[in-house]
Amino acid sequence: MLQVLPVPDGHQVITPTRRCHAPHLGASLVLALRLNRTHPVYRRAKDVQAAEDLLAALDADEQGPWVLSPAQLGVLTRAMDVRDALLPSASRQHPDLDAEIRAAHLRSQRPSTA
């Protein structure tokens with residue numbers, strides 16, 4: 000469903016492999032980020048800014064590919080945790096997507112060899 004390509008500085012390029020799935024996957028990520036507005040999980044201003052920047056990027060392009068920084072992946076995985084707690088059925092819709100995003104976040108935390 001997704002292709003994830005690590006690039007320098009811990010960034011990850013996330014590309015839906017089937018264009019027909021891209022809007023649904025993007026919407027799932029957007030839902031997670033929008034929930035933060037009513038159920039805030041970020042305490043640091045830079046995390047709030049990273050989430051807003053990512054939300055703007057996903058709103059602008061629901062098809063992908065998306066280049067996510069380690070900070071954006073971090074806020075996204077925390078937003079997904081809130082989404083999963085509040086809307087468990089949403090996380091069950093695309094379990095492979097969630098797993099890939101979480102794996103990309105872990106990879107982004109490792110020192111780059113590129």
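One point on numbering: in numbering that gives the first Met the number 0, the residue at position 12 of the sequence shown is 11, and numbering is uninterrupted.
Glycine is no exception: its CB is placed at the ideal position from the N, C-alpha and C atoms.
Restricting to Cα atoms, I'd like to know which of Gln11, Val12, Thr14 and Ser27 is closest to Asp80.
Mapped onto the sequence shown, residue 80 falls at position 81. The option with the nearest alpha carbon to Asp80 is Ser27.
Would you call Val74 buried or exposed, if buried means 16 or more other Cβ atoms sit within 10 Å of its Cβ?
The count along the sequence shown starts at 1 and reaches residue 74 at position 75. With 16 or more other Cβ atoms inside 10 Å of its own Cβ, Val74 counts as buried.
Output needed for Gln108: all residues of its chain with C-beta closer than 6 Å, excluding positions within five of it in sequence on either side, in chain order.
Position 109 of the sequence shown, counted from the first residue, corresponds to residue 108. Non-local beta-carbon contacts of Gln108 in its own chain, meaning distances under 6 Å to residues more than five positions away in sequence, are absent.
Ala113: buried (16+ other C-beta within 10 angstroms of its C-beta) or exposed?
Here the question's residue 113 lines up with position 114 in the sequence shown. Summary for Ala113: the model assigns pLDDT 46, below 50, so the residue's position carries little reliability; its value from the coordinates is reported in the next sentence. Exposed, by the Cβ-count rule.
How would you write the range of the alpha helix (DSSP H) that Val47 sits in, first residue to last?
For the purposes of this step, residue 47 is identified with residue 48 of the sequence shown, where counting begins at 1. Val47 -> alpha helix (DSSP H) spans Ala44 to Ala59.
Could you spell out where the beta strand (DSSP E) holding Pro15 opens and where it closes?
By 1-based counting over the sequence shown, the position of residue 15 is 16. Segment Gln11 to Pro15, the beta strand (DSSP E) holding Pro15.
For Leu105, the first and last residue of its enclosing alpha helix (DSSP H)
Indexing the sequence shown from 1 puts residue 105 at position 106. Taken as a continuous stretch (DSSP letters only), the alpha helix (DSSP H) holding Leu105 covers Pro94 to Ser107.
Could you please give the first and the last residue of the uninterrupted alpha helix (DSSP H) stretch that includes Val74?
Here residue 74 refers to the residue found at position 75 when the sequence shown is read from its first residue. Val74: member of the alpha helix (DSSP H) spanning Pro69 to Leu85, first to last residue.
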